[in-house]
Structures are given as structure tokens and as C-alpha cells.
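Quick note, my numbering runs 8 ahead of the 1-based positions in the sequence shown. Read through the structure below, which is laid out as C-alpha cells, and then see the notes.
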Amino acid sequence: MFILVHRKGISKAVAAVIAIVIIIGIIAAAAYYMTQKPTPTSTTTLSPTTSASSTTSSTSSTTSASPTVSSTSTTKPSEKTVVVYASLSEMTTADPSTEFSNSILWMCLVYEPLLWYDPIHDKIIPALATSYEVSKNGTVWTFHLRHDAKFHDGTPVTAQAVKFAIERTIKLGQGAAFIWDPVKEIKTPDKYTVVFILKYPAPLDKIAASSYGAWIFSPKVVELAGAKNATDKKVADWFNAGHDDGSGPYKLVKWDPQNEIVLEKFKDWWGWKLPNYPMKSDSAPDVFIIKIVKDAVTQERMVQSGDIDIAEYVPLEDVQTLKKNPNLQVVTSPSFQNLLMLINTRKPPLDNVLVRRAIAHAIPYKDIVTVARSGFAKVASGPIPHGMWGHFDNLTYTYNLTLAKELLAKAGYPNGLPRPLLLTYTAGDIYEQRTAELIKASLAKIGITVNIRPMSWQEQWSLAQSGWNNSKAAQDLFIFYWWPTYITPFDFLYNMFDNESKSFDLCYYANPKFNKLIEEAHYYEGIDKAKALHLYYEAQKILYEDVPAIPLWDMVDIRVARANIGNLQAAINPAYPTVIFAQVLHVKAGG
Numbered sequence: 009m010f011i012l013v014h015r016k017g018i019s020k021a022v023a024a025v026i027a028i029v030i031i032i033g034i035i036a037a038a039a040y041y042m043t044q045k046p047t048p049t050s051t052t053t054l055s056p057t058t059s060a061s062s063t064t065s066s067t068s069s070t071t072s073a074s075p076t077v078s079s080t081s082t083t084k085p086s087e088k089t090v091v092v093y094a095s096l097s098e099m100t101t102a103d104p105s106t107e108f109s110n111s112i113l114w115m116c117l118v119y120e121p122l123l124w125y126d127p128i129h130d131k132i133i134p135a136l137a138t139s140y141e142v143s144k145n146g147t148v149w150t151f152h153l154r155h156d157a158k159f160h161d162g163t164p165v166t167a168q169a170v171k172f173a174i175e176r177t178i179k180l181g182q183g184a185a186f187i188w189d190p191v192k193e194i195k196t197p198d199k200y201t202v203v204f205i206l207k208y209p210a211p212l213d214k215i216a217a218s219s220y221g222a223w224i225f226s227p228k229v230v231e232l233a234g235a236k237n238a239t240d241k242k243v244a245d246w247f248n249a250g251h252d253d254g255s256g257p258y259k260l261v262k263w264d265p266q267n268e269i270v271l272e273k274f275k276d277w278w279g280w281k282l283p284n285y286p287m288k289s290d291s292a293p294d295v296f297i298i299k300i301v302k303d304a305v306t307q308e309r310m311v312q313s314g315d316i317d318i319a320e321y322v323p324l325e326d327v328q329t330l331k332k333n334p335n336l337q338v339v340t341s342p343s344f345q346n347l348l349m350l351i352n353t354r355k356p357p358l359d360n361v362l363v364r365r366a367i368a369h370a371i372p373y374k375d376i377v378t379v380a381r382s383g384f385a386k387v388a389s390g391p392i393p394h395g396m397w398g399h400f401d402n403l404t405y406t407y408n409l410t411l412a413k414e415l416l417a418k419a420g421y422p423n424g425l426p427r428p429l430l431l432t433y434t435a436g437d438i439y440e441q442r443t444a445e446l447i448k449a450s451l452a453k454i455g456i457t458v459n460i461r462p463m464s465w466q467e468q469w470s471l472a473q474s475g476w477n478n479s480k481a482a483q484d485l486f487i488f489y490w491w492p493t494y495i496t497p498f499d500f501l502y503n504m505f506d507n508e509s510k511s512f513d514l515c516y517y518a519n520p521k522f523n524k525l526i527e528e529a530h531y532y533e534g535i536d537k538a539k540a541l542h543l544y545y546e547a548q549k550i551l552y553e554d555v556p557a558i559p560l561w562d563m564v565d566i567r568v569a570r571a572n573i574g575n576l577q578a579a580i581n582p583a584y585p586t587v588i589f590a591q592v593l594h595v596k597a598g599g
């Protein structure tokens, strides 16, 4: 879905503070993972994929949250292992049907979809479904559920529960509900079989593995919320008060979205019982804490001191030094997260396409990658990130100040723009800050003054949302991250550039021809990928000419962690950006 570094939310009330304790007695039973790619027949039986594990020495961290672990007291066999992960952005909401922002970070641990997807190896990993079948025409998908999955309320995960959860998401029609647009009907012929009847062919296995909108939760939430039915507002209020009723490996036990979210291991999770399941570790932390730390420098200091175990962001110019610290590890991973600058296409003079093109050619893309990301990124080429299906290498704007000045002159502004432009970015994000400063300096060279305003993500997004009613009151330039809801170009193109998508089309762009192209591409994606790819390319060419947004850079993911946090590489998946799959981590004693 979108906003990367800036969309998230979570948690519940925690138990009493455990006294000073030390992590010990954890012996990592290295699981041997069996890899098997789904067969290209109409029936797909899912088997575990291989996950590599890393082993390193350890250092435990101390936090004020409960439960907590100290590095000084005598070890007790019953002590809980705790891992603290620093997030740059506050969490957003806790409703699994509608959340479409930063709360991805914890929802992937509390809730489960039918399937998981590994885009690097193009493999489907079983979750609540153990196998599935698809008809020859691609319009009937049958999923077979595992029989031992339970929700956190103790009730079994059944076909009726899957139908309940997905239909609530569809009926609410918010967040990522659009992923289920192909679905005409959901049938439940027996307790553990779910059949999807589609309106048109679609890659439902990828959709069912989405990072948003695909979460399964218990029908009991209606009762727990004191609601009349699934779409009663009381259900959303119940979730957003910090409750969960998923089936994932962790439960939400503290919900303080501005400061801290605490998750605790769900002992009845079916995955703990499978010896070869790649999405679990026998040495996974008992408690996973997400601490909001809105500054990369502070995160760096805290991971060095052991106050946190994993840093989401650190100053990238320090990475080489951090690699030399024996108490730390630096993990580099592919990422489908990118940074874009959306342009207010309805606010003069930015409603003039020549002005937008001038701006596009006045941005020093290579300098931004070098300075803002210390080289840990690639210059963007279109809105689809490098390495993802639907990306093309010929959609990069050239940095050419002479051309930019000529375009401004043709637009009627030979001496520059008559007013300053307001650029907003998420406060605390040093990469966005540096990018904004470089853009400001370069646009000044062609007579465009830029005023930079850092804002909290919620403030930034709220201001941008106002642009649909009053575009002149909104920002001119909006820097933000996008990541995929599921692995398809449609997710990027629809959400940010189709005027039906009011949540994240924050350039207020409307082009019926573009809309039609991506709708056709989405349709053919399920039956003729070559034709779909061609249509996606034609749509991206329209964006290149109209410039409703300027893709800036595609991220290379960098995480810094304490040395005792093993298997971190396997806990990162570009299909689920910002997420650390805590159930995969090997927490090693010592240090």
C-alpha cells in the first residue's frame, strides 16, 4: 500500500512490569526448511520455503515497557525474551479491514492472510490455507484451510470466518478493499473450504497474500464489540481501542500508537508446532515491542547502547562505521519502497503541465541518491520500483536546468514562478529532509522558491486530504513513500493516480484515458500478462508526460540490529515493507 515510512498504527494494555531480568537459556534449534515451488498445475499444494538463518553474539536490551529484560540480574528459567524495534513513524489505526498505512508493521504479526508471498523467489508460502486450486479460466479459486488454526479468542479459524472477514472488508469499502474487486461471491461448501467466484480472471493467490485488506479475523468481534453486525461502527471502535482478534503468532497487548506498541507471543499459534515451517523460529522473542523513535540519529544511538534491538532508520553515512561494531549487524535487503513527490495539479501555476515538466527536469536525482541516501538507493524510473514486475528503465527525467528554464518560459514564467511553493515531508525522516533541501536548492536555480514544512505524518496527510475540497489551501509538493499492497503495478498506479482513490491520489490527478488503461491491464493480468504489461507501460507513459508526480528514488532497505538478533535477513520481505517478522527471528542469549 503506500506511504512507507509513514503509515502505521497499533496495540493494547500490557501486564505488570517484570523486574530486572536477563535473556538466557534460549537454544536456537536451527530449522531445516524445505523448499518447494507451487506446481504449475491447476492444483497448488503449498510447502515450506527455505529460510536462511544467521547466528551472532548477543546483547540484551532494557525498556520501560512490560514485560522487560535487563542485562544485569540472575537468569530465571521463566524469563521472557524481548526484542525492541524502533519505528520512525507513529502507528495509525488498528482495524484490519480498513488500515492502509503504518500499522502494517504490526498487523503482519497479529493477523494472517490465506497465503504469504515471497517476491524475491516468486514463491507462495502457506498461511491459513495449505493448498488451493484455480479453474482453467481463472475465475474460480478454491482454498483449503488448515484444521488447527485458532483465533486469539480461542475459536477455530473456519471457512465461515474467512468469508466473514473478507466480506466485512469489501462492504466497508475503505483502505485496500479494492483488492477484492474481482470477487463476485464467496462460498463455503464445508468447514475448511473457501471458494471465490470471480467476475473476471485475477491473480487471487497474490491478492490473498496482500499486505493490507487480506487479514482474517474472528466473527466473534461483533459480540465482543457489542455491535449489531460486522459493519457496525462499534466494531471499528473496538479494534481502534487497541483490541485484536486475529490468528497470528503474536497478540496485541499494549496500544499506544504515538509511543509504543507491545505484542506478546500467542502460544496456541499453529505455526509453532510445525518443525519445518519457514515463517517461524523456535527461538523467536516472547515479546516484540515497537517503540516510536522519530529520529534516525536517536535510533542509531539507542541501538548502539542496547536500548533498542533493531533500528528501522539510521544515518546512512554511518553505515560503514556501524558495520565495524562487533555488537551490531547491518542487513541490506531489496525493497519495493520508493519515494515520490506528488504535485498539486489543481493549484496554479502547477496546473500548467509545462511548469510540472520544468520542475521534473530541475531535480538533481543522482545527487539526491548520493547525499540523501548515501548511495543506498537507485534513481527512480517511473512509479514502479526497480526489480518489480511492471518496472521500465526508460521513464527517468533528465536533470537539465537549461531545458527546465525553457519549459518555464514557454509556460509564461521566464523569470520564475510568482509565488513560493510549499513542500511538505514527514518530520524526523532525515532522508526526506535531505531530499527536500536538495530539491529546494536546485529549483531556486530556475527561479522557483520552495518553502519546506516538516509535519507529522498525520498532519501531512490531513493537509493533503483537504486538497480534494480546496486544492488552493493544500500543499504544492508532497513527499512521501509508497509500498505495494500486493505485488502488482495496479496498486501503485490506481492508488496514487486514479481520481477514484481519494486517500492517496494526493496530486488530485484525473485522466479518464489513464484510468481505462490500468483497469484493462488489471483485467488482463489474470489471463495475459504480456498484454497487461504493455497496457501498464502505456499508462506510465501518460504519467511521464503529464507529470502529476515525480518518482525520486527506489530504496535499498537497511536495518541495523544488535548482534544477538539472528535470522534478521529472513525476517524481512519487500512485499511487506517496514515489517520485521518477529516469529522468524532467532534471539540468542548472552552479551
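C-beta: ideal position from N, C-alpha, C; glycine also.
Which listed residue (the options) has its alpha carbon closest to that of residue i
i      : options                           : result
Val375 : Leu446, Leu415 and Leu431         : In the sequence on display, residue 375 carries Asp and not Val. Nearest C-alpha to Asp375: Leu446.
Pro293 : Pro585, Asn581 and Leu576         : Leu576
Phe274 : Thr340, Lys288 and Arg567         : Lys288
Glu467 : Trp263, Thr89, Thr100 and Pro283  : Thr100
Pro209 : Gly534, Thr434 and Lys539         : Gly534
Asn478 : Pro356, Pro422, Tyr405 and Asp562 : Pro356
Val339 : Ile580, Thr150 and Asp536         : Ile580
Thr443 : Arg364, Ile460, Leu358 and Ser111 : Ile460
Ser255 : Trp246, Asn346 and Leu153         : Leu153
Tyr584 : Tyr373, Tyr125 and Glu107         : Tyr125
Pair within 8 Å by beta-carbon distance, residue i and residue j
i      : j      : result
Ala571 : Pro334 : yes
Gly390 : Pro582 : no
Ala167 : Thr138 : no
Ser291 : His594 : yes
Lys299 : Val92  : yes
Leu485 : Ile351 : yes
Pro556 : Thr353 : yes
Tyr140 : Asp213 : yes
Ala102 : Glu120 : no
Gly221 : Thr493 : yes
Leu411 : His369 : yes
Lys228 : Gly234 : no
Ser109 : Thr177 : no
Asp276 : Lys171 : no
Ile187 : Ile224 : no
Gln548 : Phe400 : yes
Leu330 : Val587 : no
Glu440 : Ile367 : no
Glu546 : Leu525 : yes
Val327 : Ile566 : yes
Ile392 : Phe522 : no
Ser219 : Ile318 : no
Alpha-carbon spacing of residue i relative to residue j, whole angstroms
i      : j      : result
Lys608 : Phe344 : Shown here, the chain extends from 9 to 599; a query on residue 608 therefore has no answer.
Tyr271 : Leu117 : Strictly speaking, residue 271 in this sequence is Leu, with Tyr absent from that position. Distance between the alpha carbons of Leu271 and Leu117: 8 Å.
Val230 : Leu180 : 15 Å
Gly424 : Leu416 : 7 Å
Leu541 : Pro164 : 41 Å
Ala94  : Asp506 : 33 Å
Lys195 : Ile495 : 26 Å
Ser382 : Ala529 : 36 Å
Ile456 : Ser464 : 25 Å
Met115 : Gly475 : 29 Å
Lys259 : Lys88  : 15 Å
Leu96  : Lys453 : 32 Å
Lys262 : Pro190 : 36 Å
Tyr41  : Ile132 : Any reading at Tyr41 must be qualified, since the residue scores a pLDDT of 35, below 50, and its modelled position is unreliable; no value is offered.
Glu175 : Leu514 : 28 Å
Where residue i falls, given that 16 or more other Cβ within 10 Å makes a residue buried
i      : result
Asn408 : exposed
Gly436 : buried
Gly398 : buried
Ala590 : buried
His155 : exposed
Asp130 : exposed
Pro257 : buried
Which residues DSSP lists as bridging residue i, in chain order
i      : result
Val338 : Val568
Arg461 : Thr432
Ile573 : Val595
His152 : Ser139 and Thr201
Pro164 : Lys158
Lys262 : Val270
Tyr93  : Ile298 and Ile318
Below-8 Å beta-carbon distance, residue i vs any chain C residue
i      : result
Gln473 : Checking the listed chains, one finds no chain C in this structure; it contains a single protein chain.
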